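The sequence shown begins at 108 in this note's numbering and counts up one residue at a time.
Think of the CB as a built atom: it goes at the ideal place given N, C-alpha and C, for glycine as much as any other residue.
Given the structure is predicted, the values throughout are model-derived calculations rather than measurements.
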Amino acid sequence: MRTATSSSKFLKPVVLVICLIGAGAAIAGMPEAENGRYTLSTTADGALRLDTRTGAVSMCSNSGAGWACYAVPDERAAMDAEIGRLQAENEKLKAELAAREPTVPGKIEEALPKSDSLKKSEPKVAEGERKIEIPLPSDRDMDRMMTFLEKAWRRLIEIANRLQRDVNGKI
């Protein structure tokens with residue numbers, strides 16, 4: 108009989124240790140999401156609460172009546188809603204445009220080539236030579252340059268005359 112009681116005294120702590128080790132392993136193997144639905148982060152005004160299942164964020168603060176949590180506006184959801192609205196409007200407008208008959212008879216889909224009459228000609232390389240031909244300025248360009256130089260010269264003369272009068276008047 109002594110052997111049965113002494114072995115049961117020894118067996119109880121061993122079974123207890125094995126059960127604790129098994130429970131610890133079960134808790135350690137539990138995914139993080141199952142530990143709790145909400146994650147809290149402290150802020151200066153209270154706490155931010157994140158719902159790990161839905162992704163909703165709330166601002167929690169302690170008022171005189173107790174803690175209260177208010178949903179934080181989700182900018183991403185607002186942008187997604189606006190994008191969806193604009194896409195639907197775009198599709199509707201495309202359908203309306205496709206339903207209309209062409210208003211201009213003989214309209215072509217290709218753009219006509221544009222020619223720029225004010226575009227300066229590029230310097231040309233003469234065939235067989237490595238010389239660059241530079242086009243001379245037009246008469247219009249020369250007239251504009253001469254007008255500018257004449258005005259600048261007149262202003263310079265006026266300044267010289269004013270300085271001479273000031274010097275003669277003060278002496």
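query, result
"Touch test, the segment 176-184 against the segment 154-165, Cβ-Cβ under 8 Å, three pairs minimum", "yes"
"In DSSP terms, what D158 is bridged to", "Y145"
"Opening and closing residue of the alpha helix (DSSP H) in which A218 lies", "Looking at the DSSP string, A218 is not in any alpha helix (DSSP H), and its letter there is neither H nor E."
"Per-residue DSSP class, three states only, for V179", "coil"
"Continuous beta strand (DSSP E) stretch holding S245: start and end", "First-last for S245: undefined, no H or E at that position."
"Straight-line gap, R272 to A259 (C-alpha atoms, nearest Å)", "20 Å"
"For R160 and S144, believed in contact at Cβ under 8 Å, the rounded distance", "Rather than Ser, the amino acid found at residue 144 in this sequence is Arg. Their Cβ separation, rounded to whole angstroms, is 6 Å, which keeps R144 and R160 in contact under 8 Å."
"Best match in R262, G191, G162 for proximity to P180 [C-alpha to C-alpha]", "G162"
"Cβ shell of L256 (< 6 Å), same chain only, five flanking positions each side left out", "none"
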